[in-house]
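Numbering-wise, the sequence shown is residues 10 to 190 according to my numbering. What follows is a set of notes on a single structure, which appears directly below.
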Amino acid sequence: MQHRRGSQPAFARLLLRVSAFTALCLSLLACGPQSEQTASAAAVAETAVLDVYKSPTCGCCGMWIEHAEERGFQVVAHDLDNDALTREKLQRGVTLRYQSCHTAVAQDGSVFEGHIPAHLIHRYLADKPADAIGLAVPGMPIGSPGMEVGERFDAYDVYLLKTDGSTELYTRVTDQQSQYQ
Numbered sequence: 010m011q012h013r014r015g016s017q018p019a020f021a022r023l024l025l026r027v028s029a030f031t032a033l034c035l036s037l038l039a040c041g042p043q044s045e046q047t048a049s050a051a052a053v054a055e056t057a058v059l060d061v062y063k064s065p066t067c068g069c070c071g072m073w074i075e076h077a078e079e080r081g082f083q084v085v086a087h088d089l090d091n092d093a094l095t096r097e098k099l100q101r102g103v104t105l106r107y108q109s110c111h112t113a114v115a116q117d118g119s120v121f122e123g124h125i126p127a128h129l130i131h132r133y134l135a136d137k138p139a140d141a142i143g144l145a146v147p148g149m150p151i152g153s154p155g156m157e158v159g160e161r162f163d164a165y166d167v168y169l170l171k172t173d174g175s176t177e178l179y180t181r182v183t184d185q186q187s188q189y190q
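If you want it as structure tokens, here you go:
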């Protein structure tokens with residue numbers, strides 16, 4: 010037995026209209042300014058390539074690379090001896106005080122020194138300050154991405170490296186879980 014549209018129960022027609030209205034509202038919300046920012050960050054995440062300069066024997070560098078790849082970066086690793094690695098860092102504006110074991114460089118030339126959480130690199134690339142060259146986590150803080158040691162975690166600072174050679178605090182990472190966004 011075939012049912013014509015006019016013979017559908019009133020409840021079914023109402024349910025269909027409510028569903029269509031809900032779908033329309035969700036579509037309009039998805040096109041709002043917040044989703045444009047999210048889409049912009051997602052586009053950066055999908056296309057971001059990082060060249061990572063490191064020592065061939067650095068195990069924590071490999072673990073940080075895995076952290077970055079799991080969070081949307083394509084990584085090209087470059088193994089350098091210690092002298093060449095130090096020269097690379099200095100040429101890119103990373104002074105000795107802010108150096109760590111590896112240096113990542115984005116396609117736009119932004120520099121990311123050390124064990125920086127990948128989500129902070131995505132945030133930086135999506136909204137790059139005009140007077141900055143990148144970010145740095147000096148040293149090798151216990152519990153930072155690539156430096157995980159069980160449940161041990163030491164809070165650490167992430168610095169904004171500026172074009173004039175100065176730095177300022179970009180953010181402070183105070184708990185291990187917040188790094189893995």
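Here a beta-carbon is modelled for each residue, glycine too, at the ideal position from N, C-alpha and C.
| Item | Value |
| --- | --- |
| For the alpha helix (DSSP H) containing residue 133, list its first residue and its last residue. | 127 to 135 |
| To the nearest angstrom, how far is the alpha carbon of residue 133 from that of residue 160? | 28 Å |
| Starting from the C-beta of residue 124, find all residues in its chain whose C-beta is less than 7 Å away, skip the five residues before and the five after it, and write them out in chain order. | 73, 109, 146, 149, 150, 153, 154, 155 and 156 |
| Hey, could you find the ends of the alpha helix (DSSP H) residue 95 is sitting in? | 91 to 100 |
| Distance, Cα to Cα, residue 75 vs residue 143? | 20 Å |
| Report yes if the CB atom of residue 164 is closer than 8 Å to the CB atom of residue 127, and no otherwise. | no |
| Out of curiosity, what's the CA-to-CA distance linking residue 107 and residue 122? | 8 Å |
| Would you tell me roughly how many angstroms separate the C-alpha atoms of residue 84 and residue 114, rounded to the nearest one? | 10 Å |
| Can you check which of these residues, 131, 102, 181 and 184, is closest to residue 140 by C-alpha distance? | 102 |
| On the criterion of 16 or more Cβ atoms from any shown chain inside 10 Å, does residue 189 qualify as buried, or is it exposed? | exposed |
| State the DSSP-derived secondary structure class of residue 87, mapped to helix, strand or coil. | strand |
| Going by alpha carbons, who is nearest to residue 175 out of 57, 94, 81 and 105? | 105 |
| Leaving out five residues before and five after residue 158 in sequence, what residues of the same chain have Cβ atoms less than 8 Å from its Cβ? | 151 and 152 |
| On the DSSP bridge assignment, give the partners of residue 112 in chain order. | 62 and 122 |
| Between residue 82 and residue 99, which are expected to be in contact by the criterion C-beta below 8 Å, what is the C-beta distance as a whole number of angstroms? | Their Cβ separation, rounded to whole angstroms, is 24 Å, which puts residue 82 and residue 99 out of contact at 8 Å. |
| In terms of residue numbering, what span does the alpha helix (DSSP H) encompassing residue 79 cover? | 68 to 79 |
| Which same chain residues, not among the five before or five after residue 65, have their C-beta less than 6 Å away from its C-beta? | 88 |
| When you compare only the Cα positions, how much space is there between residue 179 and residue 97? | 23 Å |
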